[in-house]
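Numbering (the working numbering), first residue to last: 15 to 288. Here a beta-carbon is modelled for each residue, glycine too, at the ideal position from N, C-alpha and C. Treat the numbers as computed from the prediction; the structure is a model and nothing was measured.
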Amino acid sequence: IFLIYVSLGVKDFTYTPTLVGSFFTLWMLYGLVDVILVYILQRSFNIAALGFVMISIGTFFVGIVTTMTVVVLEQLMKTDSTLVLAHDICAIVFQIVPQYNLGMAISRGAMAYQSVAMGETYLKHINRPDLVGTVPMPEIMQWELMGRHVVALVVQLIVAFLLLVFLEHGSLGFLRRLERKRTEGMMEEKEKTVHEDVDVSVESERVKSIETSNEDYGLVVKGLAKAFSNTLTVRGVSFAVERGECFGLLGLNGAGKTTTFGMMTGKLDIGHGE
Numbered sequence: 015i016f017l018i019y020v021s022l023g024v025k026d027f028t029y030t031p032t033l034v035g036s037f038f039t040l041w042m043l044y045g046l047v048d049v050i051l052v053y054i055l056q057r058s059f060n061i062a063a064l065g066f067v068m069i070s071i072g073t074f075f076v077g078i079v080t081t082m083t084v085v086v087l088e089q090l091m092k093t094d095s096t097l098v099l100a101h102d103i104c105a106i107v108f109q110i111v112p113q114y115n116l117g118m119a120i121s122r123g124a125m126a127y128q129s130v131a132m133g134e135t136y137l138k139h140i141n142r143p144d145l146v147g148t149v150p151m152p153e154i155m156q157w158e159l160m161g162r163h164v165v166a167l168v169v170q171l172i173v174a175f176l177l178l179v180f181l182e183h184g185s186l187g188f189l190r191r192l193e194r195k196r197t198e199g200m201m202e203e204k205e206k207t208v209h210e211d212v213d214v215s216v217e218s219e220r221v222k223s224i225e226t227s228n229e230d231y232g233l234v235v236k237g238l239a240k241a242f243s244n245t246l247t248v249r250g251v252s253f254a255v256e257r258g259e260c261f262g263l264l265g266l267n268g269a270g271k272t273t274t275f276g277m278m279t280g281k282l283d284i285g286h287g288e
């Protein structure tokens with residue numbers, strides 16, 4: 015989007031090299047923050063298309079509402095001083111929203127150019143065109159203009175990156191260990207009440223006897239399990255597929271076939287087993 019503005023020569027963004035650099039920095043920071051946050055949020059959705067739609071609509075709506083709220087309050091508090099406190103609180107709290115920081119920074123940056131444009135228009139109106147070009151441009155990165163929002167985006171980028179590392183890195187994956195422990199407990203409770211078929215027991219024992227280095231099998235699944243909330247969707251599935259064989263999962267709707275394939279392909283985290 016920013017490159018389109020530059021190519022079209024939109025003066026609100028390209029009036030001076032400093033203005034171009036400031037807006038480029040703003041868009042780069044926002045892009046990095048948004049990509050990381052979207053990646054983190056999509057973990058909550060099992061369907062990629064649904065996740066993309068919900069995240070896009072949600073972030074757009076939140077950005078518009080927060081930005082417009084502060085802009086409207088700025089106009090209203092000029093005639094109603096009781097709204098000053100509400101404006102100050104919203105202006106601080108909303109800085110946790112990346113879309114708000116982007117919207118307000120663009121608004122403040124455009125305001126800086128508009129102040130110069132108004133000054134030049136006035137000089138032309140009073141027949142002083144010789145002074146056009148001498149109107150000083152406000153420092154775009156000062157705290158009251160884009161500064162606070164750029165700093166907020168830098169902080170959000172650091173926090174989002176650390177959160178991503180926290181969720182992805184194996185040594186910090188205590189949530190994964192917690193899930194495995196909870197799934198194991200649910201499996202133990204289930205084993206007390208559910209009788210296992212003989213064929214299932216035989217296959218489980220066959221899988222246990224397979225050595226890790228055995229090259230006769232293309233796929234070996236041992237004790238695969240997955241729980242969502244308090245429901246054990248997949249319970250200790252074990253089977254082995256020899257090389258050259260085809261296999262499929264049969265079962266009623268809700269039996270856990272899709273979840274099993276999701277864990278096998280890496281789309282879903284494994285709750286238990288391997």
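CB contact flag (D230, R191, <9 Å) = On the sequence shown, position 216 is the one that residue 230 refers to. On the sequence shown, position 177 is the one that residue 191 refers to. In this structure, R191 does not lie closer than 9 Å to D230 by Cβ.
ask   = Can I284 and L178 be called in contact, C-beta distance under 9 Å?
value = Residue numbering aside, residue 284 sits at position 270 when the sequence shown is read from its first letter. Residue numbering aside, residue 178 sits at position 164 when the sequence shown is read from its first letter. Not in contact: I284 and L178 (Cβ atoms no closer than 9 Å).
request  = Check L289 in the structure and name its three-state DSSP category.
outcome  = Only positions 15 to 288 of the chain appear in this structure, which leaves residue 289 out of reach.
query = If you draw a straight line from the C-alpha of G77 to the C-alpha of V216, how long is it?
reply = Taking the first residue of the sequence shown as position 1, residue 77 is located at position 63. Taking the first residue of the sequence shown as position 1, residue 216 is located at position 202. Taking the straight line from one Cα to the other gives about 57 Å.
Between the CA atoms of L90 and S185 - distance to the nearest angstrom = For this step, residue 185 is matched to residue 171 along the sequence shown. For this step, residue 90 is matched to residue 76 along the sequence shown. The predicted position of S185 is uncertain, since its pLDDT is 48 and thus under 50; a value taken from the coordinates is nonetheless stated next. Between S185 and L90, the C-alpha separation is close to 52 Å.
Interface flag, F75 vs chain E, CB-CB below 9 Å = Considering every chain present, this structure includes no chain E. It has just one protein chain.
ask   = Under a three-way DSSP split, which group does K25 fall into?
value = Stepping through the sequence shown from its first residue, residue 25 is reached at position 11. Three-state result, K25: helix.
query = Got a sec? Which residues, its chain only, sit under 6 Å from Y19 by beta carbon, not counting five neighbours each side?
reply = Position 5 of the sequence shown, counted from the first residue, corresponds to residue 19. Cβ within range, chain order: F27.
task = Name the residue from L167, R220, T30 and F261 whose alpha carbon lies nearest to the alpha carbon of V47.
result = Position 33 of the sequence shown, counted from the first residue, corresponds to residue 47. Cα-wise, what sits closest to V47 is L167.
query = P120 to M160, Cα distance in whole Å?
reply = Position 106 of the sequence shown holds residue 120. Position 146 of the sequence shown holds residue 160. The sequence given here places Ile at residue 120; Pro does not occur at that position. Cα-Cα distance, rounded: 8 Å.
Own chain partners of F253 with C-beta closer than 7 Å, once the 5 adjacent residues on each side are dropped = Walking along the sequence shown from the start, residue 253 turns up at place 239. Excluding sequence neighbours, F253 sits near E217, V221 and V235.
task = Taking the CB atoms as reference points, tell me whether G123 and L33 lie closer together than 9 Å.
result = As a working note, residue 123 is residue 109 in the sequence shown. As a working note, residue 33 is residue 19 in the sequence shown. Yes, these two residues count as a Cβ contact at 9 Å.
request  = Tell me whether F108 is buried or exposed, calling it buried when 16 or more other Cβ atoms sit within 10 Å of its Cβ.
outcome  = Numbered from its first residue, the sequence shown carries residue 108 at position 94. Under this definition F108 is a buried residue.
message = Mapping the DSSP letters down to three states, classify K369 as helix, strand or coil.
response = Residue 369 falls outside the range modelled here, since the chain spans only 15 to 288, and no answer is possible.
ask   = Hey, which unbroken runs of the beta strand (DSSP E) at 3 residues or more fall wholly within the stretch 92-159?
value = none
query = For F59, which three-state DSSP category applies?
reply = As a first step, residue 59 is located in the sequence shown; it is residue number 45 there, counting from the start. Three-state DSSP puts F59 in coil, outside helix and strand.
Close beta carbons around M118, own chain, < 7 Å, minus the five adjacent residues each side = Numbered from 1 along the sequence shown, position 104 holds the residue referred to as residue 118. Cβ neighbours of M118 beyond the five flanking positions: T81, V84 and H163.
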